[in-house]
Amino acid sequence: MATYEVALVLLVDASGAVLMQHRDDWTSISPNQWSLPGGHVEQGETPEQAAHRELLEEAGLTAGELRLLWSGPRPYETGFPHTVTVHVFHGTTNATQRDVVVGEGRAMVFIPREQVLDRDLAVTTATILPLHLGSAGDAH
Numbered sequence: 001m002a003t004y005e006v007a008l009v010l011l012v013d014a015s016g017a018v019l020m021q022h023r024d025d026w027t028s029i030s031p032n033q034w035s036l037p038g039g040h041v042e043q044g045e046t047p048e049q050a051a052h053r054e055l056l057e058e059a060g061l062t063a064g065e066l067r068l069l070w071s072g073p074r075p076y077e078t079g080f081p082h083t084v085t086v087h088v089f090h091g092t093t094n095a096t097q098r099d100v101v102v103g104e105g106r107a108m109v110f111i112p113r114e115q116v117l118d119r120d121l122a123v124t125t126a127t128i129l130p131l132h133l134g135s136a137g138d139a140h
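Here UniProt numbering is used: position 132 in the sequence shown is 132, and no number is missing along the way.
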């Protein structure tokens with residue numbers, strides 16, 4: 001069984017909207033679902049460095065300070081064969097939708113905070129987002 005780390009970014013814009021990725025059907029994890037941008041922590045990288053790198057690769061955005069919001073095991077999902085530690089970082093941005101470049105997935109969209117939980121969310125995002133949306137969303 002593979003063991004690895006993943007860094008995700010809960011990025012909130014000036015209006016409180018959350019940057020979300022609509023994953024495509026080519027991905028083996030959570031295809032066609034909505035998730036926070038992020039990905040694997042590479043060798044020699046800290047989770048925070050990975051979060052910054054993934055945000056740039058997937059959305060074309062940079063963020064100032066990213067604060068660790070949550071770290072723990074990926075929520076259990078039947079048939080998922082790996083052990084994953086997830087690190088979720090929170091940041092704010094002055095970027096707007098016009099600044100976003102879709103580097104991965106079907107879409108990368110700032111979604112108003114009151115609408116994010118209405119999406120078909122990936123298992124990790126569905127677990128983490130409701131726990132932290134209130135405190136993270138207010139920190140802008």
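All C-beta atoms in this analysis are idealised placements derived from N, C-alpha and C, irrespective of residue type, glycine included.
This one's a predicted model, so the numbers in the text were calculated from it and none came from an experiment.
Item                                                                                                       : Value
Identified DSSP bridge partners for H87                                                                    : A7, S71
Proximity to W34 [Cα-Cα], best of H132, G64, A126, V88                                                     : A126
Candidates D24, E5, V100, D13: closest to R106 by CA position                                              : D24
V100 versus V116: straight-line alpha-carbon distance, rounded                                             : 18 Å
First through last residue of the beta strand (DSSP E) which encompasses A107                              : 107-111
Bounding residues of the alpha helix (DSSP H) (the contiguous stretch that carries Q49)                    : 47-59
Beta-carbon proximity of I64 to G91, cut-off 8 Å                                                           : Note that residue 64 is Gly in the sequence shown here, rather than Ile. Cβ distance < 8 Å, so G64 and G91 count as in contact.
Outcome for S30 when other beta-carbon atoms lying within 10 angstroms are tallied against a minimum of 16 : buried
Simplified DSSP assignment, three categories, for Q21                                                      : strand
C-alpha distance - V88 paired with T62, whole-angstrom precision                                           : 16 Å
G16 to L36 span [Cα, whole Å]                                                                              : 15 Å
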